[in-house]
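Novice:
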Amino acid sequence: MLAAEFDYYLPPELIAQSPVAPRDHSRLMVLDRARRSVSERPFYEITECLKPGDLVVWNNSKVFKARLFGGLVSAAGEPLFEHRRAVEIFLVRELQNPGVWRVLARPGRHVRPGTRVVFADNFYCDVLLKEPDGTILVQFPENSEAVRAKANLYGSVPLPPYVKDERHELEIYQTVYAKPEGSVAAPTAGFHFTAALVETLRRGGIEFAE
5 MLAAEFDYYL PPELIAQSPV APRDHSRLMV LDRARRSVSE RPFYEITECL
55 KPGDLVVWNN SKVFKARLFG GLVSAAGEPL FEHRRAVEIF LVRELQNPGV
105 WRVLARPGRH VRPGTRVVFA DNFYCDVLLK EPDGTILVQF PENSEAVRAK
155 ANLYGSVPLP PYVKDERHEL EIYQTVYAKP EGSVAAPTAG FHFTAALVET
205 LRRGGIEFAE
């Protein structure tokens, strides 16, 4: 079996480029195990699918601008590319060592240990190691809180590759219950809840856990 056998054509017009407004007017697929049926209804009708005592568990992490663009500098301090946005760095997660992050880089072949990626005059990381899985370990001089703060200042919203319109504000890609900052990608399953819908569910006896 070839991987190409799983290829299929997806018409571009069927790929949403922006979220539905209001959020809870998106479409909800309902799987009824008792009736062995599949149906579709507006998301706000989830109130009719849940009953008192049901528990909704959600990811309350907040997205930050984990997609960074910068210039690549050699160990000798010489620019390796003329363009200051020649390298894309995607922050995956911080490791236990302070300031060390696992990242994805594009083009990865040029991001080698000993080089430095400069995002702004006061924001950069040094490349430490290339892992066998293709990820890269980099060192920031700042702690994690400062890295995220600067990423939100200089970075971009981490959109899926099939979303081509990058003009959307970060808040569009946050859930209404997002609290601690740390996600590098939006927890999309929770996009469709509004504050009013959450309150309606609470009044109906639905429980929530974070």
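Using the numbering used here, the first residue of the sequence shown is number 5, and each one after it goes up by one.
Backbone N, C-alpha and C fix where the C-beta goes; we use that ideal spot for every residue, glycine too.
Do proline 145 and leucine 133 have their beta-carbon atoms positioned less than 8 Å apart in this structure?
Specialist: Here residue 133 refers to the residue found at position 129 of the sequence shown. Here residue 145 refers to the residue found at position 141 of the sequence shown. Cβ distance not < 8 Å, so leucine 133 and proline 145 don't count as in contact.
Novice: Pick helix, strand or coil for isoleucine 50, following the three-state DSSP scheme.
Specialist: Along the sequence shown, one-based indexing puts residue 50 at 46. DSSP places isoleucine 50 in helix when its eight states are reduced to three.
Novice: Below 8 Å on the Cβ atoms is my contact criterion, and I expect glycine 74 with valine 142 to pass it. Report the Cβ-Cβ distance as a whole number of Å.
Specialist: By one-based count along the sequence shown, residue 74 stands at place 70. By one-based count along the sequence shown, residue 142 stands at place 138. Going by Cβ atoms, the distance from glycine 74 to valine 142 rounds to 11 Å, so no, they are not a contact pair.
Novice: Go ahead and label alanine 190 buried or exposed: buried means 16 or more other beta carbons lie within 10 angstroms of its beta carbon, across all protein chains shown.
Specialist: The residue you call residue 190 lines up with position 186 of the sequence shown. Flag for alanine 190 reads buried.
Novice: Assuming the contact rule is C-beta atoms closer than 8 Å, glycine 112 and glycine 138 should be a hit. Round their C-beta distance to whole Å, please.
Specialist: Taking the first residue of the sequence shown as position 1, residue 112 is located at position 108. Taking the first residue of the sequence shown as position 1, residue 138 is located at position 134. Right, the Cβ-Cβ distance comes to about 7 Å (below 8 Å), so this counts as a contact.
Novice: Would you check if the distance between the CB atom of valine 231 and the CB atom of valine 96 is smaller than 8 Å?
Specialist: Residue 231 lies beyond the residue range present for the chain, which begins at 5 and ends at 214; the question has no answer from this structure.
Novice: Is any heavy atom in the ligand GDP found nearer than 7 Å to the beta carbon of arginine 31?
Specialist: The ligand GDP is absent from the structure shown, which contains no ligand whatsoever.
Novice: Any idea if histidine 196 is buried or exposed, counting beta-carbon neighbours within 10 angstroms, 16 or more meaning buried?
Specialist: Position 192 of the sequence shown, counted from the first residue, corresponds to residue 196. Buried is the call here.
Novice: Enumerate, from N- to C-terminal direction, the unbroken alpha helix (DSSP H) stretches of 4 or more residues contained entirely within the stretch 132–187.
Specialist: Within the stretch 132–187, the complete alpha helix (DSSP H) runs of at least 4 residues are 148–158.
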